[in-house]
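Engineer: Shown below is the structure under consideration.
In the working numbering, the protein residues as written are 279 to 470.
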């Protein structure tokens, strides 16, 4: 992986941390209430509930971390869901990445470290043609879930970039969509 490049400015990490802390506290309470509610159930059922509760808490914890990352990147939740749906549709329309245009101008590069990742591509943002990157996103390498997404306009500054915080252990793939050359995919990476 290439050396880390400087991160673009984002909203306060303190706000994201507070959101994450509140979500985590709520998850602990919900998991404890759920297991404690088993009452006099047989021991096997109580064990099953504990396992299910732990699994649900872990899934929800990951969702809370990813939501905090989107919040820190300055993307409202409703807008993020809309953008996720758009890029999923684009991936279905153009299922073969990296097949149209110059790779050196379209393959997104990820620079990860310190709990955050910056995704960049050396591509023009030309409003006159127009020729630009419409969307840049990260997908979970295992599930295919869209973790973070950013939309661009032809008038945005070049090079386009996406910067987000991700949980340690997340394996992701950087992707983008060019308005003229379609869907492009970079190399997967794992947050350390």
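Cβ atoms here follow ideal geometry from the backbone N, Cα and C, with glycine treated the same way.
Closest by CA to residue 379, which one among 370, 355, 415, 410?
Structural biologist: As a first step, residue 379 is located in the chain shown; it is residue number 101 there, counting from the start. Checked all of 370, 355, 415, 410; the closest Cα to residue 379 is 410.
Engineer: Around the C-beta of residue 311, are 16 or more other C-beta atoms found within 10 angstroms, so that it is buried, or is it exposed?
Structural biologist: One-based indexing of the chain shown puts residue 311 at position 33. At residue 311, the pLDDT of 28 sits below 50, so the modelled position is not reliable; the number obtained from the coordinates is stated separately. Residue 311 comes out exposed.
Engineer: Can you tell me whether residue 417 is buried or exposed? The criterion is at least 16 other CB atoms within 10 Å of its CB, across all chains shown.
Structural biologist: Here residue 417 refers to the residue found at position 139 of the chain shown. So residue 417 ends up on the buried side.
Engineer: Residue 386 and residue 399 look like a contact to me (Cβ under 8 Å); what is the Cβ gap, rounded to whole Å?
Structural biologist: Position 108 of the chain shown, counted from the first residue, corresponds to residue 386. Position 121 of the chain shown, counted from the first residue, corresponds to residue 399. Contact holds; Cβ gap of about 5 Å.
Engineer: In angstroms with no decimal places, state the Cα-to-Cα distance between residue 450 and residue 442.
Structural biologist: Residue 450 sits at position 172 when you count from the first residue of the chain shown. Residue 442 sits at position 164 when you count from the first residue of the chain shown. Each residue's Cα considered, the two are about 12 Å apart.
Engineer: Classify residue 425 as buried or exposed, calling it buried when 16 or more other Cβ atoms lie within 10 Å of its own Cβ.
Structural biologist: By 1-based counting over the chain shown, the position of residue 425 is 147. Residue 425 is buried by the Cβ-count criterion.
Engineer: Give the DSSP-derived three-state secondary structure of residue 386 in the structure shown.
Structural biologist: Within the chain shown, the letter at position 108 stands for residue 386. It is coil, neither helix nor strand.
Engineer: What is the DSSP secondary structure of residue 360, counted as helix, strand or coil?
Structural biologist: For this step, residue 360 is matched to residue 82 along the chain shown. Residue 360: helix per DSSP, three-state reduction.
Engineer: Taking the Cβ atom as the reference point for each residue, do residue 397 and residue 369 lie within a distance shorter than 8 Å?
Structural biologist: By one-based count along the chain shown, residue 397 stands at place 119. By one-based count along the chain shown, residue 369 stands at place 91. Contact flag unset, no.
Engineer: Leaving out five residues before and five after residue 429 in sequence, what residues of the same chain have Cβ atoms less than 7 Å from its Cβ?
Structural biologist: Here residue 429 corresponds to residue number 151 of the chain shown, with the count starting at 1. So the list reads 361, 412, 413, once near-sequence residues are dropped.
Engineer: Rounded to whole angstroms, how far is the Cβ of residue 419 from the Cβ of residue 446, which I believe are closer than 8 Å?
Structural biologist: The residue given as residue 419 occupies position 141 in the chain shown. The residue given as residue 446 occupies position 168 in the chain shown. No, residue 419 and residue 446 are not in contact; Cβ-Cβ is about 15 Å, not under 8 Å.
Engineer: If you count every other CB in all the chains shown that lies within 10 Å of the CB of residue 458, and 16 or more means buried, which is it?
Structural biologist: To locate residue 458, count along the chain shown from 1; it is residue 180. It counts as exposed.
Engineer: Are residue 388 and residue 452 touching if we call contact CB-CB under 8 Å?
Structural biologist: Along the chain shown, read from residue 1 onward, the residue named residue 388 stands at position 110. Along the chain shown, read from residue 1 onward, the residue named residue 452 stands at position 174. Cβ atoms of residue 388 and residue 452: closer than 8 Å.
Engineer: Please report the straight-line C-alpha distance between residue 390 and residue 467, rounded to a whole angstrom.
Structural biologist: Counted from its first residue, the chain shown places residue 390 at position 112. Counted from its first residue, the chain shown places residue 467 at position 189. If you take the alpha carbons of residue 390 and residue 467, they lie about 8 Å apart.
Engineer: Is DSSP giving residue 452 helix, strand or coil here?
Structural biologist: As a position in the chain shown, residue 452 is number 174, starting the count at 1. Reduced to three states, the DSSP call for residue 452 is strand.
Engineer: State the DSSP-derived secondary structure class of residue 368, mapped to helix, strand or coil.
Structural biologist: Counting from one through the chain shown, the residue named residue 368 turns up at place 90. Residue 368: helix per DSSP, three-state reduction.
Engineer: Just verifying my parser: in three-state terms, what is the DSSP assignment at residue 380?
Structural biologist: For the purposes of this step, residue 380 is taken as residue 102 along the chain shown, with counting starting at 1. Reduced to three states, the DSSP call for residue 380 is coil.
Engineer: Return helix, strand or coil for residue 426, following the three-state DSSP convention.
Structural biologist: For the purposes of this step, residue 426 is taken as residue 148 along the chain shown, with counting starting at 1. Correct three-state label for residue 426: strand.
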